[in-house]
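Q: There's a structure below that I have some questions on.
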Amino acid sequence: KDSVMMENHPEVGHLAASFLMMVQRTQPAIVVVECVQEYSSTGSAQIIRQHLRDSGYSVSEVILNGKDFGVLENRTRWFMVAATNGIQIELDRLEPTCAQVRSVGQVLESIDNDDPAWRSFDYLKTKAIRDAEKGNGFAMQIVHPNDHSVPVLRKGYHKGGSTDPLLAHPSKEGLYRLFTAKEHARIKQIPEHLIDGMSQTKAHELLGQSVLFAPVKALFNRIGKALIEWAQADEQQCSFTTTYNLARATG
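The numbers in the sequence shown follow the working numbering, run straight up by one, and end at 769.
Here's what the structure looks like:
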């Protein structure tokens, strides 16, 4: 149905075309696309693949999950890496062979057990009952200090939505609190100095729209090494072009 087709979104559904126009205009050596895993199966993703291929890029894709890198947030993302023909980028085995297993308690700030941040969130409990009766699958997600993963923290996390993860009180049943912005950064392994001076709202918005630090660092380390190897190779004297190949595209 058109109502569930991603490209039908009135504000952003067409931006794949704008993205390709920008690539064509700027001619970057490397193009990296990141999105939810489901995006890889959309019509837009297929158009991007084929257009980049016909524009002189070698296209590779990989699915990365934070848990495989020792990150607490259980976030899975799809990455497409398009490299100018002649630059070889291998995306296998980006995950570390041994990743530290952390618990949620290791990233928590020292917040008093009587702090007003601990609340009952009765409105979410009421909504969870209504959602269960409707059978729509929405439910509260409660996290404990000894847990080793945290559900995805979104852009609007500060609002305390019906599925936003809540931290359970260590001793009082039925009380919870939202993670602080600093805890949010630690859960994603994002350097905390990047949110210094920000309000809780702005910090959560920035972090919620960000990527997990460890997987992306590993990916771009691999890209950087590939660029260095390419620059040092004998083939660096050869000229490569990323102009659109009309003959290839049209057969």
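We put the beta carbon where it would ideally sit given N, CA and C, even for glycine.
Cα separation between Glu552 and Ala744?
A: Within the sequence shown, the letter at position 34 stands for residue 552. Within the sequence shown, the letter at position 226 stands for residue 744. The alpha-carbon atoms of Glu552 and Ala744 are separated by roughly 19 Å.
Q: Check whether the Cβ atoms of Gln727 and Lys673 lie closer than 7 Å to each other.
A: Taking the first residue of the sequence shown as 1, we reach residue 727 at position 209. Taking the first residue of the sequence shown as 1, we reach residue 673 at position 155. Yes, Cβ-Cβ distance for Gln727 and Lys673 is below 7 Å.
Q: Distance check for Asp665 and Val782, CA to CA, integer angstroms please.
A: Only positions 519 to 769 of the chain appear in this structure, which leaves residue 782 out of reach.
Q: Just checking, does the region 585 to 598 make contact with the region 536 to 547 on the three C-beta pairs under 8 Å criterion?
A: no
Q: Here's the rule: buried if 16 or more other CB atoms are within 10 angstroms of the residue's CB, otherwise exposed. What is Arg704?
A: On the sequence shown, residue 704 is found 186 positions in, with the first residue counted as 1. Counting Cβ neighbours within 10 Å, Arg704 comes out buried, since at least 16 surround it.
Q: Around the Cβ of Pro733, are there at least 16 other Cβ atoms within 10 angstroms (buried) or fewer (exposed)?
A: Residue numbering aside, residue 733 sits at position 215 when the sequence shown is read from its first letter. Pro733 comes out buried.
Q: In this structure, does DSSP put Asn592 in helix, strand or coil?
A: For the purposes of this step, residue 592 is taken as the residue at position 74 of the sequence shown. Asn592: coil per DSSP, three-state reduction.
Q: Tell me the rounded alpha-carbon separation between Met540 and Lys645.
A: Position 22 of the sequence shown holds residue 540. Position 127 of the sequence shown holds residue 645. Cα to Cα, the separation comes out at about 44 Å.
Q: On the premise that His687 lies in contact with Trp748, defined as a C-beta separation below 8 Å, what is that separation, rounded to the nearest angstrom?
A: The residue given as residue 748 occupies position 230 in the sequence shown. The residue given as residue 687 occupies position 169 in the sequence shown. Not quite, the Cβ-Cβ distance comes to about 54 Å (not below 8 Å), so this is no contact.
Q: Relative to the C-alpha of Thr698, which residue among Ser680, Gly692, Thr681 and Lys720 is closest?
A: In the sequence shown, counting from the first residue as 1, residue 698 sits at position 180. Taking only the C-alpha atoms, the option nearest Thr698 is Lys720.
Q: Taking C-alpha atoms, which residue in Gln707, Val668 and Gly653 lies nearest to Ile660?
A: On the sequence shown, residue 660 is found 142 positions in, with the first residue counted as 1. Out of Gln707, Val668 and Gly653, Val668 has the C-alpha closest to the C-alpha of Ile660.
Q: Please check the pair Arg567 and Leu730, which I expect to be a contact at CB under 8 Å, by giving their CB distance rounded to whole angstroms.
A: Here residue 567 corresponds to residue number 49 of the sequence shown, with the count starting at 1. Here residue 730 corresponds to residue number 212 of the sequence shown, with the count starting at 1. Contact check for Arg567 and Leu730: beta-carbon distance about 24 Å, past the 8 Å limit, so the pair fails to qualify.
Q: Between which two residues does the beta strand (DSSP E) harbouring Leu684 extend?
A: If you number the sequence shown from 1, residue 684 lands on position 166. From DSSP, the beta strand (DSSP E) with Leu684 extends over Pro683 to Ala686.
Q: Report the option in Ser689, Leu696, His532 and Lys700 whose CA atom is closest to the CA atom of Phe639.
A: Walking along the sequence shown from the start, residue 639 turns up at place 121. Of Ser689, Leu696, His532 and Lys700, the residue nearest in Cα terms is Leu696.
Q: Look at the alpha carbon of Gln750 and the alpha carbon of Asn739, and state the distance between them as a whole number of angstroms.
A: Residue numbering aside, residue 750 sits at position 232 when the sequence shown is read from its first letter. Residue numbering aside, residue 739 sits at position 221 when the sequence shown is read from its first letter. Cα to Cα, the separation comes out at about 17 Å.
Q: If we call anything under 7 Å between Cβ atoms a contact, is Ile741 one with Ile548?
A: Your numbering for residue 741 matches position 223 in the sequence shown. Your numbering for residue 548 matches position 30 in the sequence shown. Result yes, Cβ atoms of Ile741 and Ile548 sit closer than 7 Å.
Q: What number of angstroms, rounded off, separates the C-alpha of Asp520 from the C-alpha of Val530?
A: As a first step, residue 520 is located in the sequence shown; it is residue number 2 there, counting from the start. As a first step, residue 530 is located in the sequence shown; it is residue number 12 there, counting from the start. Here Asp520 scores only 46 on pLDDT, less than 50, and its place in the model is too uncertain to base an answer on.
Q: Hey, how far is the Cα of Pro663 from the Cα of Leu609?
A: Taking the sequence shown and counting its residues from 1, one reaches residue 663 at position 145. Taking the sequence shown and counting its residues from 1, one reaches residue 609 at position 91. Using only the alpha carbons, I get a separation of about 34 Å.
Q: Where does Val554 land, buried or exposed, given buried means 16+ other C-beta within 10 angstroms?
A: For this step, residue 554 is matched to residue 36 along the sequence shown. Of the residues assessed, Val554 falls on the exposed side of the cut-off, its CB having fewer than 16 other CB atoms within 10 angstroms.
Q: What residue does the beta strand (DSSP E) around Gln659 start on, and which one ends it?
A: The residue labelled residue 659 in the question sits at position 141 within the sequence shown. Bounds of the beta strand (DSSP E) holding Gln659 are Gln659 to Val661.
Q: When you compare each of His702, Pro614, Glu556 and Glu613 to Pro683 by their alpha carbons, which one comes out closest?
A: If you number the sequence shown from 1, residue 683 lands on position 165. Of the candidates His702, Pro614, Glu556 and Glu613, the one whose C-alpha sits nearest the C-alpha of Pro683 is His702.
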